[in-house]
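>
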Amino acid sequence: MILSDLHMHSTYSLDGNNTIADLCEQAIRLGLTHIAVTDHVEWPPNGAHQRPDYDRYFAEIRQCQARFAPRGLTLLSGLELGNPHEHRADVDALLASYDFDVVVGSLHWLAGQNIHDTRCFGDQDPYEIYARYFGQLAQIAATVDCDIIAHFDRIFWPGTSRFGPPQIERIETPVRDAMRALAEHGRVLELNTRFLTHEPGWNDTLLTVLRWYGEAGGQFVAVNSDTHRAAEIGRHRAIGQEIVEAAGCTPYVWQATAALT
Ligand SMILES: [Zn+2]
Ligand SMILES: [Zn+2]
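Number 391 in the working numbering belongs to position 237 of the sequence shown; there are no gaps in the numbering.
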């Protein structure tokens, strides 16, 4: 049974709804043993750089660690870096300034477009956009010092709404290249559980990509909720576990000195 959730957002993210303490309480209620609060660090193309006030964040993390450890919860610090490969100097300075336990790397922007939005495809062939997306994931894995690569299927969230579930074999080469980059650089692949019950779904695609990750030498998969509300912590983790095991991968368990190879 998966007892960790290493990607979630508190009120230190613009889109987070609950305090770190609220997240801890809910994690304990669910019997989780490890959580990481990984608030957003973003460099929006036309906006101001967004990041938590880390002095306050770490003070609160330390307080909650002391408060919840006696109840069996290991609370980890962390962050989710959006498009970190495009902001290497800032990222390196930030990671050198604070001692984060869990560094999550994500792609949220593609050619200046927010991929949250189905309009990010414009009139282009979605499979070209998908291929470009996985090319960028490979770059993050190869160049940014992160532990976990988040929501590799994020481009399929808007893509499925607009074009139906993806035919993954049409982008087999770029997806396999990205999985090889993760495996070679010791990055953990995240299986994001947010849309595991979505209709129409793409769980068969998730299973195929996890198999390719395994064939590329990857082993560990972090089953994470990416929740922005306490009530969503650990959501669909049983389905996530089934997919990870069906692919022959191993659910990732965080260790203080993570040795992945
Ligand atoms: Zn994200
Ligand atoms: Zn997130």
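Backbone N, C-alpha and C define an ideal beta-carbon position, used for all residues, glycine too.
(1) Sort Gly185, Gln180 and Phe212 by Cα distance to Asp193 and report the nearest one.
(2) Do you know offhand how far Thr347's Cα is from Asn378's?
(3) Drop a sphere of 10 angstroms on the beta-carbon of Leu186, count the other beta-carbons inside from all chains shown, and report buried for 16 or more, exposed for fewer.
(4) Verify the contact flag: Gly332, CB atom, against every heavy atom of ligand 2, threshold strictly below 7 Å.
(5) Could you work out which residue in Thr351, Leu345, Glu282 and Glu353 is closest to Thr327 when comparing CA atoms only?
(6) Between Ile302 and the rest of its own chain, which residues show a CB-CB distance below 6 Å, the 5 nearest in sequence each way excluded?
(7) Go through the region 341-386 residue by residue and report every complete run of the alpha helix (DSSP H) that reaches 4 residues or more, in order.
(8) Residue range of the alpha helix (DSSP H) that Gly226 falls in?
(9) Give the straight-line distance between the Cα atoms of Arg391 and Glu399, rounded to the nearest whole angstrom.
(10) How would you write the range of the alpha helix (DSSP H) that Thr297 sits in, first residue to last?
(11) Which residues neighbour ligand 1 when neighbourhood means a C-beta less than 7 Å away from any of its non-hydrogen atoms? List them by chain order.
(12) My guess is that Leu235 and Ala190 are in contact by the Cβ rule of under 8 Å, so how many angstroms apart are they, rounded?
(13) For Thr415, I'd like the list of residues in its chain whose CB is within less than 8 Å of its CB, leaving aside the five on either flank, ordered along the chain.
(14) Taking 8 Å as the cut-off, decide whether the C-beta atoms of Phe288 and Ala332 are in contact.
(15) Check for me: the alpha helix (DSSP H) holding Thr314 runs from which residue to which?
(16) Apart from the five residues on each side of it in sequence, which residues of its chain come closer than 7 Å, Cβ to Cβ, to Gly170?
(17) His161: beta carbon under 7 Å from a heavy atom of ligand 2?
(18) Does DSSP put Val407 in a helix, in a strand, or in coil?
(19) Is Ala285 near Ala335, with beta carbons less than 8 Å apart?
(20) For Leu230 and Gln278, I'd like the C-alpha separation in whole angstroms.
(21) Fully enclosed by the region 165-215, which alpha helix (DSSP H) runs are 4 residues long or longer?
(22) Rounding to the nearest angstrom, what Cα-Cα distance links Trp263 and Asn237 in this structure?
(23) Taking the alpha-carbon positions, what's the Phe222 to Val407 distance?
(24) As a quick exercise: from Val195, Leu168 and Cys178, pick the residue whose alpha carbon is nearest that of Ile215.
(25) From the DSSP output, in three-state form, read off Leu264 for me.
(26) Near Ala401, what residues of its chain come up, given a Cβ to Cβ distance below 8 Å and the 5 sequence neighbours on each side ignored?
(27) I need the DSSP call for Leu414, collapsed to helix, strand or coil.
(28) Under 8 Å between the Cβ atoms of Pro312 and His270?
So, from the data block:
(1) Out of Gly185, Gln180 and Phe212, Phe212 has the C-alpha closest to the C-alpha of Asp193.
(2) Looking at the two C-alpha atoms, the distance is approximately 6 Å.
(3) Leu186 comes out buried.
(4) According to the sequence provided, residue 332 is Ala. The question's Gly does not apply to it. For Ala332, the distance from the CB to the nearest heavy atom of ligand 2 is not below 7 Å.
(5) By alpha-carbon distance to Thr327, the top candidate from Thr351, Leu345, Glu282 and Glu353 is Glu282.
(6) For Ile302, same chain residues with a beta-carbon under 6 Å away, outside a window of 5 residues either side, are Val258, Val342, Glu344 and Ala376 in chain order.
(7) For the region 341-386, whole alpha helix (DSSP H) runs of length 4 or above, ordered along the chain, are 357-369.
(8) Unbroken run through Gly226: none, as it is neither H nor E.
(9) Taking the CA atoms as reference points, Arg391 sits about 12 Å from Glu399.
(10) Taken as a continuous stretch (DSSP letters only), the alpha helix (DSSP H) holding Thr297 covers Pro280 to Thr297.
(11) Cβ-based neighbours of ligand 1 within the cut-off: Glu234, Gly236, Ser260, His262, Ala304, His305, Arg308 and Asp380.
(12) Contact between Leu235 and Ala190 does not hold, since their C-beta atoms are separated by about 13 Å, which reaches or exceeds 8 Å.
(13) With a pLDDT of only 43 at Thr415, under the threshold of 50, the placement of this residue in the model should not be trusted, and no figure is reported.
(14) In this structure, Phe288 lies near Ala332, with their beta-carbon atoms less than 8 Å apart.
(15) Per DSSP, the unbroken alpha helix (DSSP H) holding Thr314 starts and ends at Phe310 to Phe317.
(16) Only His163, Ser164, Asp193 and His382 meet the Cβ criterion.
(17) At least one heavy atom of ligand 2 is nearer than 7 Å to the Cβ of His161, so yes.
(18) Reduced to three states, the DSSP call for Val407 is coil.
(19) Contact: no.
(20) Across the structure, Leu230 and Gln278 are spaced so that their CA atoms are roughly 41 Å apart.
(21) Complete alpha helix (DSSP H) runs here, min 4: 174-183.
(22) Linking Trp263 to Asn237 through their CA atoms gives a straight-line distance of about 7 Å.
(23) Distance from the CA atom of Phe222 to the CA atom of Val407, rounded to whole angstroms, is 19 Å.
(24) Checked all of Val195, Leu168 and Cys178; the closest Cα to Ile215 is Cys178.
(25) Of the three classes helix, strand and coil, the one that applies to Leu264 here is strand, per DSSP.
(26) Apart from sequence neighbours up to five positions away, the residues of its chain that approach Ala401 with a beta-carbon distance below 8 Å are Leu361, Leu364, Arg365, Tyr367, Gly368 and Val375, ordered along the chain.
(27) Because Leu414 carries a pLDDT of 48, less than 50, the predicted location of this residue cannot be relied on, and no value is offered for it.
(28) Taking 8 Å as the cut-off, the beta carbon of Pro312 is found closer than this to the beta carbon of His270.
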